[in-house]
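A.B. asks: I am attaching a structure below and will ask some questions about it afterwards.
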């Protein structure tokens, strides 16, 4: 298993749109390396945050935001 992911692979890993991943890069939640890849540790941290948000009863909002980004 790799520990670096392209933005497209990151979206698949997180089960979100690639646009959402790009937004997370723009907001500095993810920091790609010189080759445009992010680490699995970054993705796992973001996945935990997404999980907490969904677990907090706002899954519809997260889904809606993801669909519009």
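Numbering (this note's numbering), first residue to last: 35 to 103. Quick reminder that beta carbons are idealized off the backbone N, C-alpha and C, glycines included.
Spatial neighbours of residue 67 within its chain, please: C-beta separation below 6 angstroms, excluding the five flanking residues on both sides.
C.D. replies: Closer than 6 angstroms at the Cβ level, and outside the excluded window around residue 67, lies no residue.
A.B. asks: According to DSSP, residue 47 sits in a beta bridge with which residue or residues?
C.D. replies: Residue 47 pairs with nothing; no bridge assigned.
A.B. asks: Residues bridged to residue 40 by DSSP?
C.D. replies: None; residue 40 has no bridge partner.
A.B. asks: In the DSSP output, what is residue 72 paired with across the bridge?
C.D. replies: Note: residue 72 sits in a beta bridge opposite 39.
A.B. asks: Rank 59, 48 and 56 by C-alpha distance to the C-alpha of residue 88 and give the top, closest one.
C.D. replies: Measuring from the Cα of residue 88, the nearest candidate turns out to be 48.
A.B. asks: When you compare only the Cα positions, how much space is there between residue 72 and residue 84?
C.D. replies: Roughly 17 angstroms between the two C-alpha positions.
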